[in-house]
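Visitor: Be aware that the sequence shown starts at 5, since it is given in my numbering, and climbs by one per residue. Backbone N, C-alpha and C fix where the C-beta goes; we use that ideal spot for every residue, glycine too.
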Amino acid sequence: MDKRKVDENSKNEQLEQFSEDKEREFLTTNQGLRVENTDISLKAGERGPTLLEDFHFREKLTHFDHERIPERVVHARGSGAHGFFQVYEPLTEYTSAKFLQDPSKKTPVFVRFSTVVGFRGSADTVRDVRGFATKFYTEEGNYDIVGNNIPVFFIQDAMKFPDLVHSIKPEQDNQIPQASAAHDTFWDFVAQHPENAHMIMWLLSDRGIPRSYRMMQGFGVNTFRFVNAQGKGRFIKFHWRPMLGIHSMVWDEAQKTGGKDPDFHRRDLWEAIEMGHYPEYELGVQLLEEEDEFNFDFDILDPTKIWPEEDVPVKWIGKMTLNRNPDNFFAETEQVAFCPANIVPGIDFSNDPLLQGRLFSYLDTQLIRLGGPNFHEIPINRPLAPISNNQREGYNRMTINKGKGSYFPNTVAGGLPRPASAEEGAFVHYAEKVEGRKIRARSEKFKDFYSQAKLFWNSMSEPEKMHIIKAFHFEVGKVKDRSIRQCIVDMFNNVDGDLAVEIAKGVAADAPQMKGGSPVTKKSRNVSQELSEHTRKDSIKSRKIAILAADGYNYAEIESVKKALMDAGAQADFISKFRKMLKSSDGKEMEVDKNYEGAASVMYDAIYIPGGQESVNILKMQGDAIHFINEAFKHCKPIGATGDGVDLLAASSIMGVNLAEPGSAVVTDRGVVTVRNSSGSNAFNESFIAAMKEHRHWDREKKMQVPA
Numbered sequence: 005m006d007k008r009k010v011d012e013n014s015k016n017e018q019l020e021q022f023s024e025d026k027e028r029e030f031l032t033t034n035q036g037l038r039v040e041n042t043d044i045s046l047k048a049g050e051r052g053p054t055l056l057e058d059f060h061f062r063e064k065l066t067h068f069d070h071e072r073i074p075e076r077v078v079h080a081r082g083s084g085a086h087g088f089f090q091v092y093e094p095l096t097e098y099t100s101a102k103f104l105q106d107p108s109k110k111t112p113v114f115v116r117f118s119t120v121v122g123f124r125g126s127a128d129t130v131r132d133v134r135g136f137a138t139k140f141y142t143e144e145g146n147y148d149i150v151g152n153n154i155p156v157f158f159i160q161d162a163m164k165f166p167d168l169v170h171s172i173k174p175e176q177d178n179q180i181p182q183a184s185a186a187h188d189t190f191w192d193f194v195a196q197h198p199e200n201a202h203m204i205m206w207l208l209s210d211r212g213i214p215r216s217y218r219m220m221q222g223f224g225v226n227t228f229r230f231v232n233a234q235g236k237g238r239f240i241k242f243h244w245r246p247m248l249g250i251h252s253m254v255w256d257e258a259q260k261t262g263g264k265d266p267d268f269h270r271r272d273l274w275e276a277i278e279m280g281h282y283p284e285y286e287l288g289v290q291l292l293e294e295e296d297e298f299n300f301d302f303d304i305l306d307p308t309k310i311w312p313e314e315d316v317p318v319k320w321i322g323k324m325t326l327n328r329n330p331d332n333f334f335a336e337t338e339q340v341a342f343c344p345a346n347i348v349p350g351i352d353f354s355n356d357p358l359l360q361g362r363l364f365s366y367l368d369t370q371l372i373r374l375g376g377p378n379f380h381e382i383p384i385n386r387p388l389a390p391i392s393n394n395q396r397e398g399y400n401r402m403t404i405n406k407g408k409g410s411y412f413p414n415t416v417a418g419g420l421p422r423p424a425s426a427e428e429g430a431f432v433h434y435a436e437k438v439e440g441r442k443i444r445a446r447s448e449k450f451k452d453f454y455s456q457a458k459l460f461w462n463s464m465s466e467p468e469k470m471h472i473i474k475a476f477h478f479e480v481g482k483v484k485d486r487s488i489r490q491c492i493v494d495m496f497n498n499v500d501g502d503l504a505v506e507i508a509k510g511v512a513a514d515a516p517q518m519k520g521g522s523p524v525t526k527k528s529r530n531v532s533q534e535l536s537e538h539t540r541k542d543s544i545k546s547r548k549i550a551i552l553a554a555d556g557y558n559y560a561e562i563e564s565v566k567k568a569l570m571d572a573g574a575q576a577d578f579i580s581k582f583r584k585m586l587k588s589s590d591g592k593e594m595e596v597d598k599n600y601e602g603a604a605s606v607m608y609d610a611i612y613i614p615g616g617q618e619s620v621n622i623l624k625m626q627g628d629a630i631h632f633i634n635e636a637f638k639h640c641k642p643i644g645a646t647g648d649g650v651d652l653l654a655a656s657s658i659m660g661v662n663l664a665e666p667g668s669a670v671v672t673d674r675g676v677v678t679v680r681n682s683s684g685s686n687a688f689n690e691s692f693i694a695a696m697k698e699h700r701h702w703d704r705e706k707k708m709q710v711p712a
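(1) If we ignore side chains and look at the alpha-carbon of each, how far apart do Gly212 and Val130 end up?
(2) What residue range does the alpha helix (DSSP H) around Pro317 cover?
(3) Starting from the Cα of Phe637, find the closest Cα among Asn621, Gly667, Val677, Ser447 and give me that residue.
(4) Just reading off the alpha helix (DSSP H) that Asp69 is part of, what are its end residues?
(5) With H, G and I counted as helix, E and B as strand and the rest as coil, what does DSSP make of Lys109?
(6) In terms of residue numbering, what span does the beta strand (DSSP E) encompassing Met594 cover?
(7) With 16 as the cutoff for other CB atoms within 10 Å, does Leu420 come out buried or exposed?
(8) State the DSSP-derived secondary structure class of Met5, mapped to helix, strand or coil.
(9) Would you kindly work out how many angstroms separate the C-alpha atoms of Ile154 and Leu292, rounded to a whole number?
(10) Taking DSSP as the reference, what is the three-state secondary structure of Ser691?
(11) For Lys110, count the other beta carbons within 10 Å of its own beta carbon; 16 or more makes it buried, fewer makes it exposed. Which is it?
(12) Considering only C-alpha positions, which residue in the set Arg700, His699, Thr325, Gly675 is nearest to Ser691?
(13) Under a three-way DSSP split, which group does Asn394 fall into?
(14) Since Asn152 sits in a beta bridge, which residues does DSSP pair it with?
(15) Taking the straight line between their C-alpha atoms, what separation do you get for Ile611 and Arg134?
(16) Contact defined as beta carbons within less than 8 Å: I believe Ser126 pairs with Arg76. What is the distance between those atoms, to the nearest angstrom?
(17) Can you grab the Cα-Cα spacing for the pair Ala512 / Asp368, in whole Å?
(18) Counting only runs of 4+ residues fully inside the stretch 452 to 490, write out the alpha helix (DSSP H) ranges in chain order.
(19) Name the DSSP beta bridge partners of Ser118, please?
(20) On a Cα-Cα basis, can you pick out the residue from Lys484, Ile347, Phe453, Ser668 that is closest to Thr142?
(21) Answer with buried or exposed for Asp106, where buried requires no fewer than 16 other C-beta atoms within 10 angstroms of its C-beta.
(22) Looking at the unbroken alpha helix (DSSP H) that takes in Ile44, where does it start and where does it end?
(23) Return the chain-ordered list of same chain residues with a C-beta closer than 8 Å to the C-beta of Asp161, the five sequence neighbours on each side being excluded.
(24) With DSSP run on the structure shown, which of helix, strand or coil describes His243?
(25) I'd like the span of the alpha helix (DSSP H) that includes Val254, first residue to last.
(26) Quick check: the Cα distance between Gly556 and Leu569, rounded to an integer number of angstroms?
(27) Quick check: is the beta carbon of Glu690 nearer than 9 Å to any beta carbon in chain B?
(28) Starting from Phe228, follow the beta strand (DSSP E) in both directions and report where the run begins and ends.
(29) Using a Cβ-Cβ cutoff of less than 6 Å, which residues in the same chain neighbour Met253 once the five nearest sequence positions on both sides are dropped?
(30) Could you check what DSSP says for Thr646 in three-state terms: helix, strand or coil?
(31) Based on Cα-Cα distance, which residue from His380, Thr32, Phe353, Pro53 lies nearest to Ile391?
(32) From this set, Met219, Ala345, Asp210, Asp132, which residue's C-alpha is nearest Asn226's C-alpha?
(33) Can you tell me which of the three DSSP states Pro214 falls into?
(34) Could you please give the first and the last residue of the uninterrupted beta strand (DSSP E) stretch that includes Ala550?
(35) Kindly indicate the opening and closing residues of the beta strand (DSSP E) around Ala610.
(36) DSSP state of Met625, grouped into three classes?
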């Protein structure tokens, strides 16, 4: 009988065994000895030398000296959260994995989101690929989906990974720049490896600067297999879809947010969970029958290619909810160790050459980073399934194995532990037939570098295309070597001639003498954030709104709007020049949440200005308030104003939108919602919330002329 039982609380209960009792009264050494002083070292006299016998001093300093472990070479900057996963329906037809069979089962998970390039102390909002790694604590052992927020990768073969990372990290002579690909060595690498082309299009799109981890897709990137109980295999790709929709920042906003709050994504995730706005993601799989492996104009094992959803639809199989923050960042988020080789029966690998290298590299990395082969005994990495094998020693061994047996077969331990059969739950490798000569080569379909890059470009909306062009201007414009800049222009002329011309304009390179481009005309709707069916625009749940006001504001207007926003699941902050109690025009008081020094429009999804003549007159004289409005408008965010608050919009520098006139109904123009008569507050609230559901309003005229 299988005694392995796992539910939603199993991992939390296991971790609790290793948690410190917060109520302990006395300070002790690591040996449990109570100490009477931890501020002054033991000396020979008041002004004499410190004595070597001061064991507490030596222990305290020695531990401090060794507190830093090697940071991850990539994905060093991360944030984590606990939660659970539930499958929608039994997937017996496709896989024998037990955690994918019972809709009532809640499998514990730990997720780590991360940036790739920057060091551990870098900012969250840089342009970069984001890691999306999920550890499932299943009854059959730990299963890891180690993915990114982009479904493809830079390279086709793991052999090139060290070269890629060396090129994109800070340059060797001066260690500049931090957390950025905008420099010579990376773009030189890109120019030498045209297989990058597709990934570069994704990276320079809005996908490279997500609004939050809660609004970010995830992908398994590589091709895996589902295998059912009958041994039938199917190729699969994993997809995570955020229930809040897929949303991003604009570049100027991301740059400013990194200065105002370099922990923006980490703070957003933490605060959302603390407030009960639990991030949710659907898990989907693209399923491909093995007999269809060669039916496409691309190789399904090529990690620089997507399987277009129009050709291979996504089947949504379950939902993950993140509902608990870690108790200790280092012990959990920093020490968690993921590996794509951590699998369970019913899931297996493909011959994807990038995946094959990852199966080795992740394990090898943890050996040095976490101090040896026993990192699986660190609480966050411990499986809920029981561990039983003949591994006994090594650095940081915590398990005390009793008895003589440490080998198999044996008689001293009764022949235990013994291998299990498939019927007893053992993992059995998929019986794939493999044949061929040993050779360093790629299949011919791997050599098509530009077709899917063109597919991506074709699928973008006009605002998204403009963002990509501007990203090229920033990234490649930072490259000092003109020949590298020219190589990039020439390389992307193979994707789209018009794109190459636009790139050349901003990077001091020559436009192609003859426009080239891939002949692909096909589009794939879901690679566009703006056009994708995965980008929900029916909710403002957990959005953040800034309310700008000063003494003399209209209390009734604020209360009406704030209640409507909160009822819709949003959060409103009261912003003013100073943190204090502000008095309304009728004598009521509200506390300011943040001042202008601690807040900025880039930290909010929308802004609202209430009426109140005195308040508006004060705000008109505050440059910070005017800048707040101008900047939000330039970044295409929803803006609302009621009563006299409309006068503040008129006094700002926003252009090309209509504002409400006295006596008129609610006016909505390009995401700017205004009304003069506060009695029409319900209509205003509905219109303002509708504008917020769109997230951004890209059709604003003259927004680039606004000084912000």
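Guide: The answer reads as follows:
(1) Working through the sequence shown from its first residue, we reach residue 212 at position 208. Working through the sequence shown from its first residue, we reach residue 130 at position 126. Distance between the alpha carbons of Gly212 and Val130 is about 8 Å.
(2) Reading the sequence shown from its first residue, position 313 is the one you call residue 317. Per DSSP, Pro317 belongs to no alpha helix (DSSP H) and is neither H nor E.
(3) By 1-based counting over the sequence shown, the position of residue 637 is 633. Taking only the C-alpha atoms, the option nearest Phe637 is Val677.
(4) Taking the sequence shown and counting its residues from 1, the one referred to as residue 69 is at position 65. Note, Asp69: alpha helix (DSSP H), 59 to 69.
(5) Along the sequence shown, read from residue 1 onward, the residue named residue 109 stands at position 105. Lys109 falls in the coil class under three-state DSSP.
(6) Walking along the sequence shown from the start, residue 594 turns up at place 590. Taken as a continuous stretch (DSSP letters only), the beta strand (DSSP E) holding Met594 covers 593 to 595.
(7) Position 416 of the sequence shown, counted from the start, is the residue given in the question as residue 420. Burial call: exposed.
(8) As a first step, residue 5 must be located in the sequence shown, where it is residue number 1. Caution applies to Met5, whose pLDDT of 38 falls short of 50 and renders its modelled position unreliable; the value that the coordinates give is listed next. Met5 falls in the coil class under three-state DSSP.
(9) Within the sequence shown, the letter at position 150 stands for residue 154. Within the sequence shown, the letter at position 288 stands for residue 292. Those two C-alpha atoms are separated by around 20 Å.
(10) The count along the sequence shown starts at 1 and reaches residue 691 at position 687. It is helical.
(11) As a first step, residue 110 is located in the sequence shown; it is residue number 106 there, counting from the start. By the 10 Å Cβ count, Lys110 comes out buried.
(12) Here residue 691 refers to the residue found at position 687 of the sequence shown. Taking only the C-alpha atoms, the option nearest Ser691 is Gly675.
(13) Within the sequence shown, numbered from 1, the residue matching residue 394 stands at position 390. Reduced to three states, the DSSP call for Asn394 is coil.
(14) Position 148 of the sequence shown, counted from the start, is the residue given in the question as residue 152. For Asn152, which the question treats as bridged, DSSP gives the partners Gly135, Phe223.
(15) Along the sequence shown, read from residue 1 onward, the residue named residue 611 stands at position 607. Along the sequence shown, read from residue 1 onward, the residue named residue 134 stands at position 130. C-alpha separation (whole angstroms): 28 Å.
(16) The residue labelled residue 126 in the question sits at position 122 within the sequence shown. The residue labelled residue 76 in the question sits at position 72 within the sequence shown. Not really, about 12 Å apart at Cβ, beyond 8 Å.
(17) Your numbering for residue 512 matches position 508 in the sequence shown. Your numbering for residue 368 matches position 364 in the sequence shown. Distance between the alpha carbons of Ala512 and Asp368: 43 Å.
(18) 455 to 463, 466 to 481
(19) By one-based count along the sequence shown, residue 118 stands at place 114. Note: Ser118 sits in a beta bridge opposite Gly82, Gly135.
(20) Taking the first residue of the sequence shown as position 1, residue 142 is located at position 138. The residue with the shortest Cα to Cα distance from Thr142 is Ile347.
(21) Residue 106 sits at position 102 when you count from the first residue of the sequence shown. Counting Cβ neighbours within 10 Å, Asp106 comes out exposed, since fewer than 16 surround it.
(22) Within the sequence shown, the letter at position 40 stands for residue 44. No alpha helix (DSSP H) holds Ile44; DSSP gives it neither H nor E.
(23) In the sequence shown, counting from the first residue as 1, residue 161 sits at position 157. Answer for Asp161: Pro357, Leu358, Gly361, Arg446, listed in chain order.
(24) Here residue 243 corresponds to residue number 239 of the sequence shown, with the count starting at 1. His243: strand per DSSP, three-state reduction.
(25) Residue 254 sits at position 250 when you count from the first residue of the sequence shown. No alpha helix (DSSP H) contains Val254, which DSSP labels as neither H nor E.
(26) Residue mapping note: residue 556 aligns to position 552 of the sequence shown, counting from 1. Residue mapping note: residue 569 aligns to position 565 of the sequence shown, counting from 1. Rounded to whole angstroms, Gly556 to Leu569 spans 22 Å at the Cα level.
(27) Here there is only one protein chain, and chain B is not present.
(28) Taking the sequence shown and counting its residues from 1, the one referred to as residue 228 is at position 224. Element bounds for Phe228: 228 to 231.
(29) Taking the first residue of the sequence shown as position 1, residue 253 is located at position 249. Only Ile213, Arg215 meet the Cβ criterion.
(30) For this step, residue 646 is matched to residue 642 along the sequence shown. Strand.
(31) Mapped onto the sequence shown, residue 391 falls at position 387. Minimum Cα distance to Ile391 is reached at His380.
(32) Translated into positions along the sequence shown, residue 226 becomes position 222. If we check each option's Cα against that of Asn226, Ala345 comes out closest.
(33) Translated into the one-based positions of the sequence shown, residue 214 becomes position 210. Looking at Pro214 - three-state DSSP - the assignment turns out to be strand.
(34) Within the sequence shown, numbered from 1, the residue matching residue 550 stands at position 546. Where Ala550 is concerned, the enclosing beta strand (DSSP E) stretches over 548 to 552.
(35) Taking the first residue of the sequence shown as 1, we reach residue 610 at position 606. Element bounds for Ala610: 610 to 613.
(36) Translated into positions along the sequence shown, residue 625 becomes position 621. Met625 falls in the coil class under three-state DSSP.
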